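If you're matching positions, the sequence shown starts at 1155 in this note's numbering and goes up one per residue.
Below is one structure, written out as structure tokens; comments come after it.
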Amino acid sequence: MNKGTLALKMVAFGINLVIWLLGLVLLFVGVWVRSDPNFWEFQNNLPLENYYTACYLCIYAGALMLVISFMGCVGTFIDSPCILWTYMGFSGWFIVIECIIAGLVWQIPSGEAIRDDMEQEIKKRLLSIHENPDARRFMDLLQIHVECCGAVSKNDYTDNSLTIPQSCSNYRTNNVHIYGCGENLRVTLQRTGASLGGVSMALVFVQLISLSVNFLLLVNLQEEYGPKIY
1155 MNKGTLALKM VAFGINLVIW LLGLVLLFVG VWVRSDPNFW EFQNNLPLEN YYTACYLCIY
1215 AGALMLVISF MGCVGTFIDS PCILWTYMGF SGWFIVIECI IAGLVWQIPS GEAIRDDMEQ
1275 EIKKRLLSIH ENPDARRFMD LLQIHVECCG AVSKNDYTDN SLTIPQSCSN YRTNNVHIYG
1335 CGENLRVTLQ RTGASLGGVS MALVFVQLIS LSVNFLLLVN LQEEYGPKIY
């Protein structure tokens, strides 16, 4: 084996190791977001279906990336064009999935549309807190977790002759939060989405490099050993 092919093998092996680690991070972040009971409650009450679709995609993609990157390491180690071509094919599909994940989580918290939708849904539950215990529990959970008050502001309570609940107060200072839950939740989703989307796009970048390196490795192997099908 010439030095060029050996160098490509080492680079490809190292990149596959990086992809394996990023796949593990993607899996961990997806499980972390999905297992948060507060966000699960928000998803059941607010228009955030796409957000959790992205979380599930992260979990599935991360788990499968652990297997596929291991396949790439094996194919590189034993000089198997068949395994390397299979690995590259799966990598192409995963690049598409990771772009979808990034698009879902970055689109959701952007702009005023999602904030307005969430404010409307939050206000519906706010106005029914006396008749609906679930609505009261949801508002308390949201206001404590996101550190907010009302849908747009605390005036959502006072304007509708409702008492501002204790959950609207900062537990450290006991002052009422001045920001509404629609905007604060959007910011929270933006931060969480940055983690999901950032890991996904990092994987896309590394996988594009991996595809290029593995293709060059396949060309070198074919020139050195001739056509192989295993």
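Backbone N, C-alpha and C fix where the C-beta goes; we use that ideal spot for every residue, glycine too.
The model shown is predicted, which means the values in this text are computed figures rather than measured ones.
Which of helix, strand or coil DSSP assigns to residue i
i, result
"Val-1330", "strand"
"Ser-1315", "coil"
"Ser-1323", "strand"
"Val-1353", "helix"
"Ala-1305", "coil"
"Ile-1283", "coil"
"Asp-1233", "coil"
"Leu-1218", "helix"
"Leu-1200", "coil"
Check whether residue i and residue j have beta carbons under 8 Å apart
i, j, result
"Gly-1158", "Gly-1216", "no"
"Leu-1365", "Ser-1245", "yes"
"Tyr-1205", "Val-1250", "no"
"Ile-1318", "Val-1330", "yes"
"Glu-1252", "Ser-1354", "yes"
"Val-1360", "Val-1172", "yes"
"Met-1293", "Leu-1339", "no"
"Val-1269", "Glu-1337", "At residue 1269 the sequence reads Arg, which differs from the Val that was named. Contact flag set, yes."
"Ile-1276", "Cys-1335", "yes"
"Thr-1240", "Ala-1166", "no"
"Tyr-1325", "Cys-1302", "no"
"Leu-1372", "Leu-1238", "yes"
"Asp-1233", "Leu-1375", "yes"
Residue range of the alpha helix (DSSP H) that includes residue i
i, result
"Val-1179", "1157 to 1188"
"Val-1300", "1287 to 1300"
"Asp-1270", "1267 to 1280"
Alpha carbon of residue i to alpha carbon of residue j, nearest angstrom
i, j, result
"Gln-1274", "Ala-1305", "7 Å"
"Tyr-1210", "Gly-1184", "7 Å"
"Leu-1180", "Ile-1283", "38 Å"
"Asp-1313", "Glu-1285", "18 Å"
"Lys-1163", "Gly-1243", "18 Å"
"Gly-1351", "Asn-1368", "25 Å"
"Met-1219", "Thr-1346", "21 Å"
"Leu-1160", "Asn-1170", "15 Å"
"Ile-1255", "Ser-1315", "42 Å"
"Asp-1288", "Leu-1281", "12 Å"
"Gly-1168", "Asp-1310", "56 Å"
"Leu-1200", "Trp-1186", "20 Å"
"Val-1341", "Ala-1356", "22 Å"
"Ser-1323", "Ser-1189", "26 Å"
"Leu-1296", "Thr-1327", "18 Å"
"Asn-1156", "Cys-1236", "21 Å"
"Ile-1363", "Tyr-1214", "22 Å"
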